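Each residue of the sequence shown is one higher than the last, beginning at 107 in the working numbering.
Cβ coordinates follow ideal geometry from the N, Cα and C atoms, glycine included.
This one's a predicted model, so the numbers in the text were calculated from it and none came from an experiment.
Data block below; observations after.
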Amino acid sequence: MRYSGVATLAFASGVAAHSRMYSVWVNGEDQGDGRGTYIRSPPTNDPVKDLTSSDIACNVAGATAVSDFVSAAAGDTLSFEWYHDSRGDDIIASSHLGPIITYIAPYTDGMDGTGSIWTKIDEEGYDSSSDKWAVDNLISNSGKKEFTVPSGLAAGKYMFRQEIIALHEADTAYSANSARGAQFYPSCVQVEVTGSGTASPSEDFELPGGYTYDDAGIVFNIYSSYTSYDIPGPEVWDGTSTGESSSSATTSSAAAAASTTQAAATSTAAVTTSAAAVTTTAAAQTTLATSVKASSTTTAAAAVTTSAAPSASSSPSKCSKKRKARRSSH
């Protein structure tokens, strides 16, 4: 069986199984070593297992911004390249089967990757028709995971987050046994997107907080028989609809404020008009009093109308093939 060899390799490989990101490719062109320049690189290739830690967002040291941005247009094909110790090596142990998921968040100065800012734009899990996991395909593709920048995405600076989730110890939750649990390898990349798109990401997924130890895709036994796998996290964004981002909320508030100001101006104009009417009537009274004798005084009364403006408020397909394996302990 295929997995017996994989399990043996896992025992021998130890930390050699781990991985982190080296570079980004845009439409097949290598953008060069991005570690510490446009990739927020962790100091080691060790995984994150604590779902409550801020490191689950952009890994250890991922809260610190780097100096550069990869340039890509909406609709471009990006490939994130992973490695173990040196570029083009074993990438990640073949025992570390699991999904690869890609998220995006609008870039803001000082952002550390935490909060409800993330939108899923790509995912790859288990394909029962080929009996392959995303990690299998990553290894066979020399460490590259390809995806497409949403074609309708509005231009601007973004943080792209891609993660490998290794499930070789995920039969038990980390919260129940800290020696085991799913292994997360997140990496965040700063990208400046160009184009004429208008769609804003939904920003509906929070890190930490979005993943829990009750998620079926986080606690999963790859050594049992299975024909499908539920990828954790939200649905993949369609790339065209506009979410309720903070920028759109600001625009709505500004529109409401403008409406209130306009209403106030209308009310002021109405009061001014009424005051003018009163002044005209008073002038008429003075003229009348001058032309008539004291014995035949006539008093003219003016009707005043007050005008008020209305207030404004602001799957995989299933196959009969079953997979089995012995457990890994690394």
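For the alpha helix (DSSP H) holding residue i, just list the boundary residues, first then last.
i    : result
L244 : A240 to S246
I328 : Premise fails: I328 is in no alpha helix (DSSP H) and is neither H nor E.
DSSP puts residue i in a beta bridge; with which residues?
i    : result
V176 : V297
I210 : T225 and F266
S129 : D139 and E187
Y291 : I270
G303 : A260
Do you know how far the Cα of residue j is from the Cα of residue i?
i    : j    : result
S200 : M217 : 34 Å
A305 : N283 : 42 Å
I328 : W224 : 28 Å
K428 : S330 : Only weak support is given to the placement of K428: the predicted model assigns it a pLDDT of 43, under 50, and the value that follows is read from those uncertain coordinates. Roughly 8 Å separates the two Cα atoms.
P256 : G181 : 5 Å
A178 : K226 : 18 Å
T278 : G287 : 5 Å
R437 : D139 : Outside the shown range of the chain (107 to 436) lies residue 437, about which nothing can therefore be said.
V154 : V166 : 8 Å
A123 : A272 : 10 Å
W343 : H190 : 30 Å
A261 : Y213 : 11 Å
F253 : F186 : 9 Å
S439 : D156 : The chain is shown only over 107 to 436; residue 439 falls outside these bounds and no answer can be derived.
Q137 : V297 : 12 Å
Y264 : T183 : 16 Å
H274 : S302 : 43 Å
T150 : I197 : 14 Å
G219 : E341 : 19 Å
V295 : R146 : 6 Å
D320 : Y335 : 15 Å
G168 : E269 : 13 Å
D310 : I210 : 11 Å
G345 : D228 : 10 Å
D152 : S308 : 30 Å
S192 : T158 : 30 Å
T318 : F326 : 13 Å
S246 : S281 : 33 Å
Let me make sure I understand the geometry here. Which of the options has the alpha-carbon closest to that of residue i?
i    : options                   : result
S222 : G339, Y280 and T346       : G339
Q289 : G140, D161 and P212       : D161
P148 : W188, S235 and G181       : W188
G231 : H202, P212 and P256       : H202
D195 : L244, D174 and E229       : L244
N133 : P307, E312, A260 and K251 : K251
A276 : G349, M127, G138 and I324 : I324
S235 : L313, T333, H274 and T143 : T333
G204 : D228, S173, A240 and D191 : A240
P292 : E341, I206, V342 and V172 : I206
G315 : T254, W343, I145 and A163 : A163
L313 : V342, R267 and T183       : R267
T208 : Y280, G142, T348 and I337 : I337
R141 : T220, I210, T170 and T158 : T170
F175 : T300, T348 and S159       : T300
Y144 : E135, S246 and S173       : S173
G258 : W131, S159 and T348       : T348
W131 : D233, A322, S248 and D215 : S248
Residue i lies in the beta strand (DSSP E); which residues open and close that run?
i    : result
D453 : In this structure the chain extends from 107 to 436, so residue 453 is not present and cannot be described.
G138 : E135 to D139
T183 : T183 to Y189
L203 : From DSSP, L203 is part of no beta strand (DSSP E); its letter is neither H nor E.
E312 : F311 to L313
Counting only beta-carbon atoms, is residue i nearer than 7 Å to chain B?
i    : result
D161 : No chain B appears in this structure, which consists of one protein chain only.
For this session: Identify every run of the alpha helix (DSSP H) within the segment 226–282, keeping only runs that are complete inside it and at least 4 residues long; order them along the chain.
Result: 240–246
For this session: Would you mind listing the alpha helix (DSSP H) stretches within the segment 143–177 that are 4+ residues and don't spill past its ends, in chain order?
Result: 161–164
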